[in-house]
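Quick note: the sequence shown uses my numbering, first residue 11, plus one each step. Don't be surprised by glycine CBs; every beta carbon is placed ideally from N, CA and C.
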Amino acid sequence: MGKATPVRRQTVDLSGYPDLVVIYLGMRAPSLKALGAAMKTGKEIGRAVAERPDGLLLHESFLFSLFPPHLGMRQYWRDLDSLERWTREGLHRGWWTTFLKDPKGASFWHETYRRSGGFEAIYDNVTEPVGMMRFAPVAQAKGPMFSARARLDPGARAPAAPVGEAELQQAD
């Protein structure tokens, strides 16, 4: 029997990132039509990330499951302001608006975690609970629960969402 090799444990010093934000995103496609929409949206996200938006520290893609296809991403942002600015500009706003107007059966969700405190989540078109939706009470994303900033900081003045609540209701 050979000599055991001890585990190599490491950690990270996040002191230089006091406002770090981590966001997990997922897209589930229960049909071929939905898979096409998810693939198109994933490609658009890739294009938007390739522009290296200010504040994006890292973007990673992964697969939750093959059947049904459930694609995932994790992003690390310097701060919430950078993430919010990106969601309201350029390529992100375009693909997000397109998806919300016609998801073609695909679902999209994100969960956001702040180092300085606070979690929030949104689940669009999700029929099978995922993440925090599996243990926490589910509420409609309306009024004060519509914007990510308002969900993170109840009572805070939130900038306008990339797609407004009234605009989204008109698409219904």
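Buried or exposed by the 16-neighbour rule on C-beta atoms within 10 Å, applied to Thr15 = The residue is exposed, with fewer than 16 neighbouring Cβ atoms inside 10 Å.
In angstroms with no decimal places, state the Cα-to-Cα distance between Gly12 and Thr51.
-> For Gly12 and Thr51, the distance between alpha carbons rounds to 50 Å.
Drop a sphere of 10 angstroms on the beta-carbon of Phe118, count the other beta-carbons inside from all chains shown, and report buried for 16 or more, exposed for fewer.
-> Per the 10 Å Cβ criterion, buried.
Closest to Glu99 by CA distance: which of Val59, Thr21, Leu42 is it?
-> Out of Val59, Thr21, Leu42, Val59 has the C-alpha closest to the C-alpha of Glu99.
Cβ neighbour criterion (16 or more within 10 Å) applied to Gln85 | Under this definition Gln85 is a buried residue.
Under 8 Å, do Trp105 and Gly65 count as touching if we go by C-beta distance?
-> Not closer than 8 Å, so no.
Residue(s) in a DSSP beta bridge with Leu110 = Answer by DSSP bridge pairing: none, since Leu110 is not bridged.
Would you tell me roughly how many angstroms separate the C-alpha atoms of Phe74 and His80, rounded to the nearest one?
-> C-alpha separation (whole angstroms): 5 Å.
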